[in-house]
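Working notes, beginning with the structure itself.
Residue numbers (this note's numbering): 5 to 299.
So this is what it looks like as structure tokens:
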């Protein structure tokens, strides 16, 4: 636990200063007027404090820190200093307290990299590798309960207004899957909304309709997956968009116990569906249906 906190604190400081250095390399010095390239390159510089780093990012780069994030970063820095000098004693020995602080900082750092660092990496190959690393990190932190709880708190303002269209994600198993075209979804994903009509705010990933519908049916509803010898409980054809992306019996964050019909291509609940008892064809009341198996 001690070393996890020490590494996270060091990582937070490095990432914030990396963003500051993107503005100008001299800004990471305690006294920018005395900055030299030689000191930067050989690591002999006297760098600015974590608090001064945040101040410069706000005043110069226009990056704002919420009070909650700033307090968590300050708390982590203080705990790091205490751990280095005194070890795991007093409040620093409390697993619950440590987990709460580290979860807040981890949540902040992942968002910080997504929003303020990746887009400023000009080298395409370097950025590509950084994005791959971030995908790997996101996949790992989904298993950390403290991080997930912290992230879901942050997402409450985005997910709250669309609870009736928010589903459990087959990947992270959290109610964080929404239509792509809502407030809070990154522009890069919204521009591809026709290809990725659904978006998970925790996984930070857009999903195609057919694959997601099948994944939801299998991993969330525990239905049989189709194979070479059996069609399985494959998604149905949606009578609205005619895509095989309709899952019956889904549920939303607004009413997890109430089954609904949800089309992952329409990215919406489809009300008033009827199913032919002879052929299984699904249709709306307005459309009607003449069964081909009718005698």
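Even glycine gets a Cβ: it sits at the ideal position worked out from N, Cα and C.
With distances taken between CA atoms, residue 220 lies nearest to 254 out of 260, 254, 272. Per DSSP, residue 44 is one residue of the alpha helix (DSSP H) stretching across 41 to 46.
In the DSSP annotation of this structure, the continuous segment of the beta strand (DSSP E) that includes residue 287 starts and ends at 286 to 288.
When the beta-carbon positions are compared, residue 24 and residue 57 come within less than 8 Å of each other. Under DSSP, the beta-bridge partners assigned to residue 277 are 288.
Per the Cβ contact rule, the segment 170 to 184 is in contact with the segment 193 to 210 (3 or more Cβ pairs under 8 Å). Of the residues assessed, residue 239 falls on the buried side of the cut-off, its CB having 16 or more other CB atoms within 10 angstroms. Here DSSP, grouped into helix, strand and coil, assigns residue 254 to strand.
Counting only the Cα atoms, residue 137 lies some 14 Å from residue 115. Apart from sequence neighbours up to five positions away, the residues of its chain that approach residue 218 with a beta-carbon distance below 7 Å are 238, 239, ordered along the chain. Contact between residue 52 and residue 27 does not hold, since the beta-carbon distance rounds to 13 Å and is not under 8 Å. By the beta-carbon neighbour count (other beta carbons within 10 angstroms, threshold 16), residue 130 is exposed. Remark: fewer than three beta-carbon pairs, one from each stretch, lie closer than 8 Å, so the segment 75 to 85 and the segment 121 to 135 are not flagged as touching. Beyond the five residues adjoining it in sequence on each side, residue 74 comes within less than 7 Å, by CB distance, of 58 in the same chain, given in chain order.
Contact annotation, residue 289 with residue 278: C-beta distance approximately 6 Å; criterion of less than 8 Å satisfied.
Our two residues, residue 197 and residue 259, have alpha carbons roughly 26 Å apart in a direct line. Each of 250, 251, 174, 195 was checked against the Cα of residue 223, and the nearest Cα belongs to 174.
In this model, residue 243 and residue 54 are separated by some 57 Å (Cα to Cα). Residue burial is scored here from C-beta neighbours: residue 18 has fewer than 16 other C-beta atoms within 10 angstroms and is therefore classed as exposed. Using a C-beta cut-off of 8 Å, the segment 157 to 165 makes no contact with the segment 142 to 149, since fewer than three inter-stretch Cβ pairs fall below that distance.
In this structure, the straight-line span from the alpha carbon of residue 60 to that of residue 35 is close to 12 Å. Per DSSP, the continuous alpha helix (DSSP H) segment holding residue 151 begins and ends at 149 to 158. The residue from 194, 48, 247, 187 with its alpha-carbon nearest to that of residue 216 is 247. Where residue 204 is concerned, the enclosing beta strand (DSSP E) starts and stops at 202 to 204.
In the DSSP annotation of this structure, residue 67 is not part of any beta strand (DSSP E), being labelled neither H nor E. Between the alpha carbons of residue 167 and residue 251 lies a distance of about 18 Å.
Pairing residue 212 with residue 273, the inter-Cα distance amounts to about 17 Å. Closest option to residue 192, judged by alpha-carbon separation, among 8, 225, 123: 123. For residue 119, the closest C-alpha among the options 229, 152, 72, 188 is that of 188.
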